[in-house]
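As they're listed, the protein sequences go chains B and X. The numbering of the first sequence is the numbering used here, which starts it at 1 and goes up by one. The numbering of the second sequence is the numbering used here, which starts it at 86 and goes up by one.
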Amino acid sequence: MKVLIPGPLLSYTNEREVEATGATLSELLDDLDRQYPGLRFRVIDEQDTMRAHMRFFVNGEQVFDMTRSLRPTDAVQIVQALSGG
Amino acid sequence: MARTTKKSTTRQHGPTVRAKPAPRRQSRRVLVLVATRKGAWLFHGDTKRSTWRVDGPHFLGHIVNHLVLDPRDGRTLLAAAKTGHLGPTVFRSTDFGRTWKEAARPPAFAKAPDGPDTKLPGRVVNHTFWLTPCHANEPKAWYAGTSPQGLFRSDDGGDTWEPFSIVNDDPQFRAWMGSEQDGTPDGPKLHSIIVDPRDSAHLYLAMSGGGVHESFDRGRSFAPLVKGMEVVEGFDAANIAFHDPHCVQLCPSNPDRLYQQNHCGIYRLDRPSKEWTRIGKHMPKRVGDIGFPMVVHPRDADTAWVFPMDGTTVWPRTSPEGRPSAYVTRNGGKSWQRLDSGLPRSQAWWTVKRQAMTADAQDPVGLYFGTTSGELWMSRDEGHRWACIARYLPEIYAVEAAEMR
């Protein structure tokens, strides 16, 4: 499925949109990490929770559950909600 | 809990065995490593330390808490970094920053076990704060201290990191650490990880919430080392949680002597004693003995420097009266002299954080510090005269001086 990558993670992917697979959001992040080592830990912490200000959308709907199931036709957006100075 | 073993408490220091003082060195080029809130910079000095070539920014926009050159190989740089939003990581370079490679497994706490019996909640590393190369006989090993307070070790040059020792998940240590609300404004920090140059199993560490601790068995157990240290008035010094060391340094020329800048004063400890002496009482009363950094002389254990800050009333944490100055002792803390020549005489309200002041090993010793307002200062003559070598940097978090081979 297509995954939209936020600007702060372009140093990993070099592309704004990449292809990845996974039956759940967590598996999708695992696949992204296999392709782009280190990416997962920048957005998901060691307790498997989303880091503050990192947000995930599936087909335009915000999701908070890493076990959320995915289909190959879904479109996933990873968004960094920028704040602070 | 295995904080203290009989072996560790009965270990004899015996007659004072002093490490052979480091020989006075030929002038080498000094590399000053500057970590800031918005990236890292390298300043390459000439052999006289009079001109500096700036290289940076590296990791522009990253919060870099520490940047350290491995003295064992003279070429491996580790940078502890994160951004305001992305998780923490460690970058590694073996070509003085021309290229960087991210750690395959940065410091991260163990995942909390599932189930209702879980006593200790899982924790998340917010940032790696402190990096210490291990002993010379462990050439690829490093320690890292984090916020929230945790201790980690890498045995492959900083590529993969694992939780280390009992500190992270021991119930007593977790109680001493307190919560994130008990620490400094940007999180409590495990810092001042020190390896005895005579014995790689002999370690010290300090926690900004939770005191100074010592291990004789390579971290299998740690025992508190806080006797003599004061705490904020009205609190019980017997409670380890109330102790707030800011920076601890071991003297290279006498590893049985440590100096400490604490939230409540400046201290010295001469082993085998376990009782710190508050040597900051000899500082001028109007300046006080509150500050963050502590710097020791590479060849003279009686000489150390501090950089006081205003710790009165609401704790402005600026230079006292807006007049910044280092102070030096040449007699182990019996007396202190002000060193402000070349520094602003008034209206300078910055201060120097705990990792942002350091010394090189040259003769005379060069001193370096970075300010919260983004200035980098140095002295070629042990603090008698200061010169600003960079302005307009982001807030400086750490300054290290390394010597190029």
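Positions of the beta carbon are idealized from the N, C-alpha and C atoms, including for glycine. No experiment lies behind these values; they were computed from the predicted model shown.
Could you check the C-alpha separation between aspartate 255 of chain X and histidine 331 of chain X for me, to the nearest Å?
23 Å
Would you call asparagine 222 of chain X buried or exposed, if buried means 16 or more other Cβ atoms sit within 10 Å of its Cβ?
exposed
CA nearest to the CA of lysine 274 of chain X, picked from X/Asp302, X/Ala229, X/Gly243
X/Ala229
Is there a Cβ from chain B that is less than 8 Å from the Cβ of glycine 169 of chain X?
yes
Indicate whether at least one CB of chain X lies closer than 8 Å to the CB of aspartate 45 of chain B.
yes
Do the region 237-253 of chain X and the region 298-314 of chain X make contact, defined as three or more Cβ pairs closer than 8 Å?
yes
Check whether the region 378-386 of chain X and the region 438-458 of chain X are in contact - that is, three or more C-beta pairs closer than 8 Å.
yes
Quick one: does the C-beta of valine 3 of chain B sit closer than 7 Å to a heavy atom of the ligand SAM?
Although the ligand SAM was asked about, the structure shown includes no ligands whatsoever.
For the region 478-490 of chain X and the region 417-426 of chain X, state whether three or more C-beta atom pairs, one from each stretch, are separated by less than 8 Å.
no
Starting from the Cα of glycine 84 of chain B, find the closest Cα among B/Glu17, B/Phe56, B/Ala52, B/Leu29 and give me that residue.
B/Ala52
For proline 72 of chain B, would you say it is in contact with chain X, using Cβ-to-Cβ distances shorter than 8 Å as the test?
no
Contact with chain B by proline 191 of chain X, beta-carbon distance below 8 Å:
yes
Just to confirm my understanding: we take valine 399 of chain X, look at its own chain, exclude 5 residues before and 5 after, and list those with CB closer than 7 Å. What are they?
none
Tell me the residue span of the alpha helix (DSSP H) that contains valine 43 of chain B.
39-43
Check whether chain X comes within 8 Å of methionine 50 of chain B, counting only Cβ atoms and requiring the distance to be less than that.
no
As assigned by DSSP and simplified to three states, the class of glutamate 406 of chain X:
helix
Within the same chain, show all residues whose beta-carbon is closer than 8 Å to that of threonine 24 of chain B, passing over the 5 residues directly before and after it, in chain order.
Met66, Thr67, Arg68, Ser69, Leu70
Against chain B, does phenylalanine 237 of chain X count as a neighbour if the rule is that its beta carbon must be under 8 Å from one of theirs?
no
With 8 Å as the threshold, decide whether the Cβ of methionine 66 of chain B is near any Cβ in chain X.
no
What does the Cβ neighbour count give for lysine 133 of chain X, buried or exposed, with the cut at 16 atoms within 10 Å?
exposed
Taking contact to mean 3 or more Cβ pairs, one atom from each stretch, closer than 8 Å, check whether the region 204-214 of chain X and the region 167-178 of chain X are in contact.
yes
So is lysine 204 of chain X in contact with chain B if we call contact Cβ pairs under 8 Å?
no
Helix, strand or coil: how does DSSP classify isoleucine 5 of chain B here?
coil
Grab the span of the beta strand (DSSP E) containing aspartate 33 of chain B for me, first residue to last.
Note, aspartate 33 of chain B: premise wrong, no beta strand (DSSP E); alpha helix (DSSP H) at 25-35.
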